[in-house]
Each structure stands twice: as structure tokens, then as C-alpha cells.
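Reviewing the structure listed below.
2 protein chains.
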Amino acid sequence: MNRPKRATSYDVAEAADVSQSTVSRAFSGGKVSSEVLERIQDAARKLGYRPNELARSLISRKSNMIGLVMGNTNNPFYPTVMSEFTQELQRVGRRVLLFSVPAGQDVDAVLPEVLQYHVAGVIIASATISSKMARLLKSEGTPTLVFNRAIYEGSVNSVCCANEPAARLVAQRLLKAGHRRFGLVGGQADTSTHIERRKAFAETLAEAGIAKFDEESGLNSYEGGFAAGLSILGKKRRPDAVFCISDIAALGVLEAARHKLGLNVPGDVSIVGFDDIPEASWPSYSLTTVRQPVKRMVAESVSLLLGQIDGKEPVRKAVRIPGELIIRTSARI
Amino acid sequence: MNRPKRATSYDVAEAADVSQSTVSRAFSGGKVSSEVLERIQDAARKLGYRPNELARSLISRKSNMIGLVMGNTNNPFYPTVMSEFTQELQRVGRRVLLFSVPAGQDVDAVLPEVLQYHVAGVIIASATISSKMARLLKSEGTPTLVFNRAIYEGSVNSVCCANEPAARLVAQRLLKAGHRRFGLVGGQADTSTHIERRKAFAETLAEAGIAKFDEESGLNSYEGGFAAGLSILGKKRRPDAVFCISDIAALGVLEAARHKLGLNVPGDVSIVGFDDIPEASWPSYSLTTVRQPVKRMVAESVSLLLGQIDGKEPVRKAVRIPGELIIRTSARI
DNA sequence: GCCTGCCTTGCATTCGAATGCAACAAGGAA
DNA sequence: TTCCTTGTTGCATTCGAATGCAAGGCAGGC
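If you read the sequences in order, they're chains A and B.
Note that the first sequence covers residues 3 to 335 in the working numbering.
Note that the second sequence covers residues 3 to 335 in the working numbering.
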């Protein structure tokens with residue numbers, strides 16, 4: 003590999019008959035007379051010169067890469083999130099350095115690697131952050147934002163959906179429509195999304211005098227939802243309403259109900275999801291669900307993180323974006 | 003932002019009472035006596051030192067970042083691809099610098115930006131590369147791989163599905179099963195996936211004496227497929243078999259057929275897709291389709307690119323991975 | 001005891017761009 | 001004319017780690 007040497011600022015400097023410093027200033031917004039600027043741009047164009055971002059980041063001690071750490075990739079909600087983040091960050095001139103958390107590992111393993119790249123900030127989606135890592139990030143001074151997980155301690159910003167009012171509303175509407183036996187298909191038990199949605203749902207039922215409901219884990223995957231659906235709806239006294247912590251699990255439940263158990267949805271059982279992934283709106287499902295406004299959440303996340311990078315925003319902020327109940331036909335509501 | 007200074011190799015050197023060079027060697031596999039190595043590792047642990055990847059890449063003139071350029075993100079096939087690439091590259095110790103091609107723009111706009119980061123290689127997925135860019139990449143000496151698009155000229159490697167035999171097989175099976183009026187729901191007309199699949203399909207029909215078939219663009223999106231389905235199946239003399247260039251469009255066609263036009267699938271019309279996205283296997287769809295073996299394609303892509311980076315592989319290679327016809331119930335076949 | 005050779009370590013330089021400071025030119029005020 | 005101001009430009013240094021080369025230590029062979 004005799005990799006051809008790329009043109010550097012020195013090459014351009016020589017060609018334009020100026021010093022390297024001037025070339026640098028020409029490309030980073032410094033003061034340069036218009037006549038010289040033109041000469042430099044001409045030379046740069048001829049040589050195919052573009053500043054080396056690595057050198058730039060090294061000397062200026064600030065990179066414009068953002069580390070994006072993604073956990074679970076089974077759930078089609080997250081590809082959407084990832085793609086929104088990439089586009090939004092790109093729009094504001096930032097680059098995305100992508101990390102995925104390998105199945106079975108946790109974020110702690112990859113975060114140090116992210117930091118080796120001296121990213122300007124870190125976004126953690128679909129995963130929580132241990133207090134050990136929170137401390138690490140703080141001591142390194144790397145602004146961090148956790149997406150779609152609430153952080154109850156530490157100094158990390160977070161943006162997530164207002165889970166509790168949304169879950170409460172779902173329970174209220176189901177109750178009001180006359181449902182009496184409930185089921186819940188959860189996600190990972192230790193995530194804030196699961197905990198908060200479950201808690202608000204359970205409390206609302208309890209307030210109406212319903213102390214118990216069936217519960218299964220849907221693992222935030224289609225297959226998990228399918229299995230949970232079979233189990234929860236296969237019983238003699240099956241629920242007449244099932245609330246699912248994620249749409250992808252809800253679709254699994256729906257398929258199991260219709261195609262495996264021969265149930266009518268919503269005739270025999272109402273099914274409600276959470277997320278509003280694209281599939282939820284397809285006619286075969288027409289899933290009633292809580293929409294997480296991804297675009298808004300992502301935009302808010304990015305602006306919060308950028309503010310923190312620029313040192314303007316307060317250190318600790320937990321933003322909650324309200325969800326929206328989308329009524330379709332999978333529930334009598 | 004008084005960003006706390008991070009520990010450098012000099013700090014570690016001082017703490018371990020060795021020179022900076024020795025610290026560097028300790029972290030990059032050079033020769034260091036075991037006694038000294040231990041001292042260095044102790045000091046590094048205490049200081050929380052990790053080598054700065056940017057400085058490393060700058061001096062050694064090789065980064066371990068791979069630029070991943072993604073086009074179309076509507077099609078759920080690509081999130082899968084992206085996630086597989088991320089995991090596979092991470093597995094071999096590479097990082098992914100992610101770029102998305104903004105809607106309406108082409109790859110030419112983002113490639114120069116990718117190169118500013120002096121990535122070790124570039125993977126372009128879901129988009130083609132102009133010959134101008136191919137020249138640029140060659141002159142910069144950046145190994146490049148195009149995924150899921152055939153490249154007919156230039157010196158760029160590519161990995162894609164063997165589209166023609168697969169499409170031919172679909173046509174043959176549909177013919178054999180007695181279908182006589184055909185429809186095709188295509189993707190973007192200028193992509194090799196569209197062109198190759200369409201061509202093989204058309205040729206096979208022609209060989210059987212069927213010169214004409216209805217054609218619509220499904221835009222490789224659910225909505226596009228839905229609209230195409232309405233148009234193509236809403237006619238008086240509608241096709242009894244529709245082949246779709248992508249699963250996501252096929253699902254749109256299927257929904258339109260069933261829920262808008264009241265057709266029975268496969269009773270009234272057979273529908274066949276291409277990709278085998280997860281949704282295709284869900285009972286509501288049970289889509290007969292051609293599976294693109296994503297894992298194999300990705301693994302092959304990565305190994306090809308790495309080979310090129312290490313200077314071992316030949317410069318030009320077009321790998322074709324055979325697809326597999328997955329028979330489900332959306333087609334009488 | 002001395003020389004040879006290997007192994008480990010340190011010194012000095014390098015990658016490519018940013019930036020504080022000094023030098024300089026041009027223009028205006030006194 | 002002289003002095004001062006303002007605006008450009010260049011010089012020298014810096015970021016943090018890798019690496020060629022030379023120096024030093026130590027063992028083995030003679």
C-alpha cells in the first residue's frame with residue numbers, strides 16, 4: 003500500500019506563496035485578506051486539499067465527533083432513533099462515531115473506548131449508565147446525554163418520554179371502556195421505561211380497585227411479545243386488555259392472539275402498545291399506542307448536548323417530552 | 003468549560019519512571035520487559051490513562067475508523083445492515099464513523115467529508131458511487147466497498163446479492179404455478195438492484211412468451227408499495243402475480259390488496275418480495291420472498307475491505323452472494 | 001578479561017493544523 | 001514629517017503518541 007500522500011496545509015501554503023498559518027486561518031475562519039484567501043482557495047482546489055480533522059481535533063482539543071452508543075437493536079424503534087440522531091447531528095455539523103453494545107455486555111465495556119476518541123460528547127440510547135461510568139464521564143469532563151432512560155442520580159442529562167402520564171392515561175381509558183381483567187407485557191425489568199410505565203399503569207388500576215393483573219416479559223422484541231402473548235392470553239381467565247411496554251412486543255402479542263389463539267382483536271381482547279413504530283399504523287395491525295415523538299426528542303437531546311458542550315447549559319437536566327395517545331383499532335377505548 | 007486535562011503518556015511515564023517512548027511501546031505491542039510493563043500498567047490504571055486515538059492515528063498515518071455511508075433509511079432492510087456492519091466491524095477492532103446521505107443529495111456531497119477523517123476505509127451502502135468519486139477515492143488511496151450495488155466500472159470492490167438468478171427463479175416458479183398476468187413493483191429505477199432484478203424477471207417472462215407486464219415504482223418504501231399496489235391491482239385486468247423489488251414495498255402492496263381492494267392473497271393474487279426483512283415472516287404477512295443473507299454479505303464485505311486495507315486483497319472484486327427463495331404463503335408457487 | 005550480540009530503553013523527531021506573539025505595512029492624526 | 005493605530009501575515013510552539021537510531025546493560029563465547 004503505497005498510499006499516496008495527501009496534500010497538507012504546507013503544500014497549499016507553498017503553492018499560494020503564504021505561510022502555513024495563513025492557510026490554517028483561511029480554513030478556520032480567521033482573518034485573511036480577500037486577495038490572499040482567493041489564492042489559497044485556488045491552490046487548495048488544485049491540490050485537492052481538505053484539512054485533516056484528526057490533526058485539527060488534536061491541537062484544538064475539541065473534536066466534532068459525538069459518540070453514539072446503542073444498546074438493543076432488536077426493537078425497530080431504535081433504528082429510527084439512530085437514523086434521526088445521525089441526520090440531526092450531521093445537520094449541525096457533527097459526526098457520529100457509532101458504538102453498539104454487544105449482546106450480553108453492558109455499556110461499561112464500551113464507554114472507555116468511546117473516550118479514547120476524545121469525542122465532544124456522548125449520547126447513550128437504549129441503555130442505562132452505571133454510577134461508576136457517570137463518575138468516569140464527569141471526571142473526564144465529557145458531556146453526556148442519556149436518551150429514553152431516566153437517570154435518577156449523578157450529573158448526566160437525560161431526555162425521555164413522560165412515561166407515567168401516558169401509561170396512566172392508557173389505564174384510565176381502558177377502565178373507562180369497561181375492561182376489567184388486565185395483562186401487562188413488559189420489557190427489561192430494570193429499565194426506567196419498564197419501571198415507570200408499569201408503575202403508573204399498576205397504580206391507576208389499583209386506584210380503581212384492581213389490585214392484580216397478569217404480567218409477562220416481552221423482552222422488547224417481536225418474538226418475546228409473541229411468546230408472552232401466548233402465555234398471557236392462553237389462560238382460561240384471560241385478560242380483556244393487554245398493555246405492552248413496546249410496540250414491537252405488542253405486535254407479537256397481536257399476532258399470537260389472532261393467528262395462534264384465534265382471538266378477535268379488539269373483540270376478545272384490547273391491545274395497546276407504546277412507541278408508535280411505523281408498523282403500528284399498517285392496516286393489518288392498526289395498533290392503538292402511545293406515540294413517542296422521536297423527532298422532538300432527538301432535537302431536544304441534540305440541543306441539550308450541544309449546549310453542554312459549549313458550556314452554556316446547566317449540568318443537570320432531565321427533560322420529559324409528553325407522549326401522545328394514538329387511537330387506532332386494536333383496542334376498545 | 004475548564005475541561006480537566008486527561009492523563010497523557012508523559013504523565014504515565016513520569017509516574018512509572020520511564021520514558022514516554024516506553025509507555026507508547028507498552029500500549030502498542032512493542033518490546034517492554036515484564037517488570038517495566040507492570041509498573042506502567044499500574045501507573046496507567048491509577049491515572050486512568052488510555053491512549054489518545056486521534057494522536058495515534060495522526061502519527062501512524064492509519065486510523066481504525068471505517069466510514070459507513072448510508073443512503074435510503076426508509077427501508078427497514080438497511081437498519082439491519084447498519085447494525086450488522088457496526089457489530090462486525092467492532093468485533094474486528096474497528097470503529098464506525100457514520101454518515102447518512104441527506105434526502106435529495108447524493109453521495110458525492112458527503113464523501114469528501116468522510117475523507118477528512120482519514121478513515122482506513124469506506125463502506126457505501128444503499129447508494130451508488132459516481133465515477134468522479136471513484137477517482138477521488140482511488141487518488142486518495144482509500145479502500146472502498148460498495149454494498150448491495152453492483153459496480154460495473156472503476157476500481158471499487160462490491161458485494162451484493164446474486165440478483166439475476168434469484169429473480170429468474172421467482173419468475174420461473176410463478177410461471178410454473180400457472181400465473182399468466184404479471185406485475186412488477188420496482189424500486190429506484192437507476193439502481194443496480196432494480197435493474198438486475200427487473201431484467202432477469204422480464205427476460206424469463208419473455209422466454210415464456212409473455213412480453214408485457216404492468217409496472218409501477220414502489221420507491222422501496224411501505225407507502226410507495228401501498229400506492230403502487232392500489233394502482234397495479236386496482237385495474238380491471240389485474241395481474242395474478244406481483245413481484246416486488248423489496249419486501250417493504252411488498253408489504254405495502256399486500257396491505258393495499260387485502261385491506262383496500264378486498265383481494266385474497268394468494269387466492270386472487272400472488273405476491274413475492276425480496277430481502278426477507280423480519281416483518282416478512284410475521285403471520286399476518288407470511289411473505290414469500292428472496293432472502294438476502296445479510297450476515298454473510300456483511301462478513302464478506304468486512305473481510306474484503308480489511309484485506310484491501312492490509313494491502314493483501316486484489317484491488318477489484320465483485321462478490322455475489324446467492325439469495326435463497328423463502329416459500330411462505332403469500333404466493334401460489 | 002574482553003569482545004560480540006541481543007535486548008531493552010531513551011532521545012529526538014515526526015504527523016498536520018491551530019494559535020499567541022511579534023513584525024510589518026498602510027493609513028490617519030498631530 | 002513623525003507617531004500611533006489598525007489590520008495582515010509569519011514565526012515558533014503546541015497537541016499526544018509512534019518510531020528510527022543510538023546507547024546502555026547483560027550474557028555468552030573465546
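We put the CB at the ideal spot given by N, CA and C, even for glycine.
DSSP-derived helix/strand/coil call for A/Val-34: For the purposes of this step, residue 34 of chain A is taken as residue 32 along the first sequence, with counting starting at 1. Here A/Val-34 sits in coil by DSSP.
Looking at C-beta atoms only, is the number of pairs between the region 146-165 of chain B and the region 91-102 of chain B that lie closer than 8 Å three or more? no
Quick one: what does DSSP say A/Asn-159 is sitting in, helix, strand or coil? Locating residue 159 of chain A in the first sequence gives position 157, where the first residue counts as 1. The answer is strand: DSSP assigns A/Asn-159 an E or B state.
Taking 8 Å as the threshold (C-beta atoms), are B/Asp-249 and B/Ala-210 in contact? Taking the first residue of the second sequence as position 1, residue 210 of chain B is located at position 208. Taking the first residue of the second sequence as position 1, residue 249 of chain B is located at position 247. It is not a contact, given that the beta carbons lie outside the stated cut-off.
Nearest-angstrom Cα distance between A/Ala-105 and B/Gly-50? Working through the first sequence from its first residue, we reach residue 105 of chain A at position 103. Working through the second sequence from its first residue, we reach residue 50 of chain B at position 48. So the two alpha carbons sit approximately 26 Å from each other.
So A/Leu-113 contacts chain B; which residues on that side make the cut at Cβ distance below 8 Å? Reading the first sequence from its first residue, position 111 is the one you call residue 113 of chain A. In chain order: nothing, as chain B lies at least about 11 Å away.
Residues of its chain near B/Asp-277, where Cβ-Cβ distance is below 6 Å and the 5 sequence neighbours each way are ignored: Taking the first residue of the second sequence as 1, we reach residue 277 of chain B at position 275. Taken in chain order, the residues that qualify are Phe-79, Ser-248, Asp-249, Gln-294.
Who pairs with A/Val-274 in a beta bridge, going by DSSP? On the first sequence, position 272 is the one that residue 274 of chain A refers to. A/Val-274 pairs with A/Phe-245, A/Thr-290.
Who pairs with B/Arg-322 in a beta bridge, going by DSSP? In the second sequence, the residue the question calls residue 322 of chain B occupies position 320. Its beta-bridge partners are B/Cys-162.
Secondary structure of B/Met-3, DSSP reduced to three states: Numbered from its first residue, the second sequence carries residue 3 of chain B at position 1. Only weak support exists for where B/Met-3 lies, its pLDDT of 40 falling under 50; the coordinates are left without a value.
Let me know the secondary structure DSSP gives B/Gly-269 once reduced to three states. Looking up residue 269 of chain B in the second sequence gives position 267. Note: B/Gly-269 maps to coil in three-state DSSP.
Simplified DSSP assignment, three categories, for B/Ile-126: Numbered from its first residue, the second sequence carries residue 126 of chain B at position 124. The answer is strand: DSSP assigns B/Ile-126 an E or B state.
Using a Cβ distance threshold of 8 Å, determine whether the region 61-74 of chain A contacts the region 266-280 of chain A, with at least three qualifying pairs required. no
Using a Cβ-Cβ distance cut-off of 8 Å, determine whether B/Met-3 contacts chain A. Looking up residue 3 of chain B in the second sequence gives position 1. Here the model assigns B/Met-3 a pLDDT of 40, short of 50, so the residue's position is not dependable, and the following value carries that caveat. With 8 Å as the cut-off, B/Met-3 counts as an interface residue toward chain A.
Alpha carbon to alpha carbon, what distance is there between A/Ser-286 and A/Gly-243? The residue labelled residue 243 of chain A in the question sits at position 241 within the first sequence. The residue labelled residue 286 of chain A in the question sits at position 284 within the first sequence. Gly is not the amino acid found at residue 243 of chain A; the sequence shown has Ala there. Each residue's Cα considered, the two are about 19 Å apart.
Sequence-distant residues of the same chain with beta carbon closer than 6 Å to A/Ile-279, five excluded per side: Numbered from 1 along the first sequence, position 277 holds the residue referred to as residue 279 of chain A. Counting only Cβ-Cβ distances below 6 Å, and skipping sequence neighbours, we find Pro-78, Phe-79, Asp-249.
Going by alpha carbons, who is nearest to A/Arg-183 out of A/Glu-166, A/Asp-216, A/Lys-201, A/Phe-203? The sequence position of residue 183 of chain A within the first sequence is 181, counting from 1. For the options A/Glu-166, A/Asp-216, A/Lys-201, A/Phe-203, the alpha carbon positioned closest to that of A/Arg-183 is the one of A/Asp-216.
Quick one: measure Cβ to Cβ for A/Ile-131 and A/Phe-87, integer angstroms, because I've assumed they're closer than 8 Å. Sequence index remark: in the first sequence, residue 131 of chain A carries index 129 (1-based). Sequence index remark: in the first sequence, residue 87 of chain A carries index 85 (1-based). Wrong, their Cβ atoms sit about 17 Å apart, outside the cutoff.
Status (buried if at least 16 other CB within 10 Å, exposed otherwise) for B/Ile-68: The count along the second sequence starts at 1 and reaches residue 68 of chain B at position 66. Around the beta carbon of B/Ile-68, 16 or more other beta carbons sit within 10 angstroms, so the residue counts as buried.
Check the Cβ of B/Val-98 against every Cβ in chain A and list those closer than 9 Å, keeping chain order. Stepping through the second sequence from its first residue, residue 98 of chain B is reached at position 96. What B/Val-98 touches in chain A: Val-98, Leu-99, Leu-100, Phe-101, Ser-102.
Could you check whether B/Gly-236 and B/Val-255 sit closer than 8 Å to each other, using their CB atoms as the reference points? Start at 1 with the first residue of the second sequence, and residue 255 of chain B comes out as number 253. Start at 1 with the first residue of the second sequence, and residue 236 of chain B comes out as number 234. For B/Val-255 and B/Gly-236, no; Cβs fall outside 8 Å.
Quick one: list the residues of chain B neighbouring A/Ala-45, beta-carbon separation under 9 Å, in chain order. Numbered from 1 along the first sequence, position 43 holds the residue referred to as residue 45 of chain A. Here the premise fails: no neighbours, minimum Cβ distance about 17 Å.
Under 9 Å by beta carbon: chain B residues contacting A/Pro-78: To locate residue 78 of chain A, count along the first sequence from 1; it is residue 76. By Cβ distance, chain B contributes Pro-78, Pro-81, Pro-280, Glu-281.
Mind listing, in chain order, the continuous beta strand (DSSP E) runs of no fewer than 3 residues lying wholly within the region 180-260 of chain A? 184-188, 216-219, 243-246
I want to see whether chain B comes within less than 8 Å of A/Thr-290, judged by CB atoms only; does it? The sequence position of residue 290 of chain A within the first sequence is 288, counting from 1. With 8 Å as the cut-off, A/Thr-290 does not count as an interface residue toward chain B.
Does A/Gly-313 pass the burial test, meaning 16 or more other C-beta atoms within 10 Å, or should it be called exposed? Taking the first residue of the first sequence as 1, we reach residue 313 of chain A at position 311. Result: exposed.
Smallest Cα separation from B/Gly-180: which of B/Lys-201, B/Ala-251, B/Leu-207? Residue mapping note: residue 180 of chain B aligns to position 178 of the second sequence, counting from 1. With distances taken between Cα atoms, B/Gly-180 lies closest to B/Leu-207.
Same chain, Cβ closer than 8 Å to A/Gln-92, neighbours up to 5 away in sequence not counted: On the first sequence, position 90 is the one that residue 92 of chain A refers to. Counting only Cβ-Cβ distances below 8 Å, and skipping sequence neighbours, we find Val-98.
Would the region 320-334 of chain A count as touching the region 8-26 of chain B if we require 3 or more Cβ pairs under 8 Å? In short, these stretches do not touch, since the Cβ pair count stays below three.
I need the boundaries of the beta strand (DSSP E) containing B/Arg-97, first residue and last residue. Against the second sequence, residue 97 of chain B aligns to sequence position 95. In the DSSP annotation of this structure, the continuous segment of the beta strand (DSSP E) that includes B/Arg-97 starts and ends at 97-102.
Answer yes or no: do A/Ala-28 and A/Met-72 have a C-beta to C-beta separation smaller than 8 Å? The sequence position of residue 28 of chain A within the first sequence is 26, counting from 1. The sequence position of residue 72 of chain A within the first sequence is 70, counting from 1. Taking C-beta atoms as the reference points, A/Ala-28 and A/Met-72 fail to come closer than 8 Å.
Does chain A have any CB closer than 8 Å to the CB of B/Asn-159? The count along the second sequence starts at 1 and reaches residue 159 of chain B at position 157. B/Asn-159 does not count as touching chain A.
With a threshold of 6 Å on Cβ separation, who are the neighbours of A/Ala-204 within its own chain once the five nearest residues in sequence on each side are excluded? Position 202 of the first sequence, counting from 1, holds the residue named residue 204 of chain A. Cβ within range, chain order: n/a, list empty.
If we cut at 8 Å on Cβ distances, does B/Arg-182 have a partner in chain A? Looking up residue 182 of chain B in the second sequence gives position 180. Answer no: the Cβ-Cβ gap between B/Arg-182 and chain A never drops below 8 Å.
Would you list the residues sitting across from B/Met-72 in a DSSP beta bridge? By 1-based counting over the second sequence, the position of residue 72 of chain B is 70. Answer is B/Ser-102, B/Ala-127.
Indicate whether at least one CB of chain A lies closer than 8 Å to the CB of B/Glu-142. Walking along the second sequence from the start, residue 142 of chain B turns up at place 140. Yes - at least one Cβ of chain A is within 8 Å of the one on B/Glu-142.
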